[in-house]
Amino acid sequence: MTEMVTPNVFCVIPVHNRIAITRQCIEYLAKQDYPAIQIIVVDDGSTDGTGEYLTQCELPNLTVLKGDGNLWWGGAMHMGIKLVADLAQDTDYLLMLNDDVRIETNFTSSLVNASAALGGAVVGAQQRDEATREPIGYGYRIDFWGMRFIPLDSNDDTMVDALPGRGVLFPYRAVASVGNLNKNLFPHYLADLEYTSRVREKGWQLVVSKNVAIFTSQESSDKVFSENGWFIRYLSWKSKDCIIVKFLFFSLRGPWPLRILALPRFILVNCLSLLKYA
9 MTEMVTPNVF CVIPVHNRIA ITRQCIEYLA KQDYPAIQII VVDDGSTDGT GEYLTQCELP
69 NLTVLKGDGN LWWGGAMHMG IKLVADLAQD TDYLLMLNDD VRIETNFTSS LVNASAALGG
129 AVVGAQQRDE ATREPIGYGY RIDFWGMRFI PLDSNDDTMV DALPGRGVLF PYRAVASVGN
189 LNKNLFPHYL ADLEYTSRVR EKGWQLVVSK NVAIFTSQES SDKVFSENGW FIRYLSWKSK
249 DCIIVKFLFF SLRGPWPLRI LALPRFILVN CLSLLKYA
């Protein structure tokens, strides 16, 4: 009789200068009840002791990769996935995770079970507020004509057009079918949405599971960008409101006729937006 082999889950986590948060994340992962999780932390040039902490961790399933501080989220995730490509089998999984989320002991196993129950779908976790435990994020529908990302609100398993990379599980076959992140065009924001929408275009279902959650604070770097002037908010590659990155997204994703007309549509949509608030 052939013995069943538990698929590996390769968990890739980009980190930078948040040693306390990173330590907490590693502790959560060390307590997971899933028996075959491989943790890959990409330390992008931390100077606060994060690198030393990771070196001293005595977890046999922990691999640490080093960046020079210029990878950002997309580049760090790209580096981690490149290693996964050398290690993973078709039956394995990739788990994208941010270090600033709290997860429960059954987080990984629940994602794997949800993916299997949905026929091998890509599964994202509900985002819930850490203080109130109320839902704050489910994934997005994409309005390709209006060039908008529409946040969804649902208490059921929900099919979406794109998923944030804070806690999302991919069957490795889905990863192999599309390749890696586009780290050059999407070094930070929208790297996850571009990647997951690309996976969907290849025929993979994207689903937010009602049975799996990550817990996070609603406080984020978005406030920093909004308080530092128009230029930083709309032209910084690290800002979620960067108009250049948004234009690139809608030039590459969606129906081909709309991609070809991306520039005039982008000008029209943004002019209408300015008139709305004039």
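Here my numbering is used: position 62 in the sequence shown is 70, and no number is missing along the way.
Idealized CB from N, CA, C, for every residue including glycine.
This structure is a prediction, so every number in the text was calculated from the model and none was measured.
Under 8 Å by Cβ, that's how I've got Val23 and Met104 pegged, so tell me the actual separation to the nearest angstrom. Under the criterion of beta carbons closer than 8 Å, Val23 and Met104 do not qualify as touching, at roughly 13 Å.
Taking 6 Å as the limit between beta carbons, can you name the residues of its chain near Leu271, skipping five residues before and five after? Cβ within range, chain order: n/a, list empty.
Start-to-end residues for the alpha helix (DSSP H) that takes in Asp94: Counting along the chain, the alpha helix (DSSP H) containing Asp94 begins and ends at Trp80 to Leu95.
Could you tell me whether the Cβ atoms of Ile45 and Val20 are closer together than 7 Å? No.
Taking the C-alpha atoms as reference points, what is the distance between Ala129 and Tyr101? Spanning the two alpha carbons is a distance of roughly 11 Å.
According to DSSP, what are the bridge partners of His24? The bridge partners DSSP lists for His24 come to none.
First through last residue of the alpha helix (DSSP H) which encompasses Phe194: Per DSSP, Phe194 belongs to no alpha helix (DSSP H) and is neither H nor E.
Starting from Arg181 and walking both ways along the beta strand (DSSP E), at which residues does that stretch end? Run containing Arg181: none in the beta strand (DSSP E); it sits in the alpha helix (DSSP H), Tyr180 to Val186.
Return yes when the Cβ of Glu138 is within less than 7 Å of the Cβ of Phe194, no when it is not. Cβ distance not < 7 Å, so Phe194 and Glu138 don't count as in contact.
Inter-residue spacing [alpha-carbon to alpha-carbon] between Glu142 and Val168: Their backbone Cα atoms lie some 20 Å apart in a straight line.
6 Å Cβ shell around Val131 - same chain, five flanking residues per side excluded: Cβ neighbours of Val131 beyond the five flanking positions: Leu119, Ala122, Ser123, Leu177, Val215 and Ser217.
Quick check on Pro272: does DSSP put it in helix, strand or coil? DSSP places Pro272 in helix when its eight states are reduced to three.
For Asn106, count neighbouring Cβ atoms within 10 angstroms of its own Cβ and tell me buried if that reaches 16, exposed if not. Buried, since its Cβ has 16 or more Cβ neighbours within 10 Å.
Taking DSSP's pairing of strands, which residues face Leu102 in a bridge? Leu102 is bridged by DSSP to Phe18 and Phe178.
Taking all protein chains shown into account, decide if Val232 is buried (16 or more other Cβ within 10 angstroms of its Cβ) or exposed. Confidence at Val232 is low in this model, with a pLDDT of 43, below 50, so its placement is unreliable and the value that follows should be read with caution. With fewer than 16 other Cβ atoms from the protein chains shown falling within 10 Å of its own Cβ, Val232 counts as exposed.
Taking C-beta to C-beta, are Lys25 and Ser54 nearer than 7 Å? Here residue 25 is Asn; the residue named in the question, Lys, does not match the sequence. The beta carbons of Asn25 and Ser54 sit closer together than 7 Å.
Among Lys254, Gly145 and Leu91, the one whose alpha carbon lies nearest that of Ser287: The requested residue 287 does not occur in the structure, where the chain is confined to residues 9 to 286.
Does the segment 86-98 come close enough to the segment 179-198 to have 3 or more Cβ pairs within less than 8 Å? By the Cβ test, the segment 86-98 is in contact with the segment 179-198, since at least three Cβ pairs between them sit closer than 8 Å.
Excluding sequence positions up to five away, which residues of its chain have a Cβ less than 8 Å from the Cβ of Phe152? Cβ neighbours of Phe152 beyond the five flanking positions: Phe258, Arg261, Gly262, Pro263 and Leu266.
Distance between Pro68 and Glu296 (C-alpha atoms, nearest Å): Past the edges of the chain, shown from 9 to 286, lies residue 296, and the structure says nothing about it.
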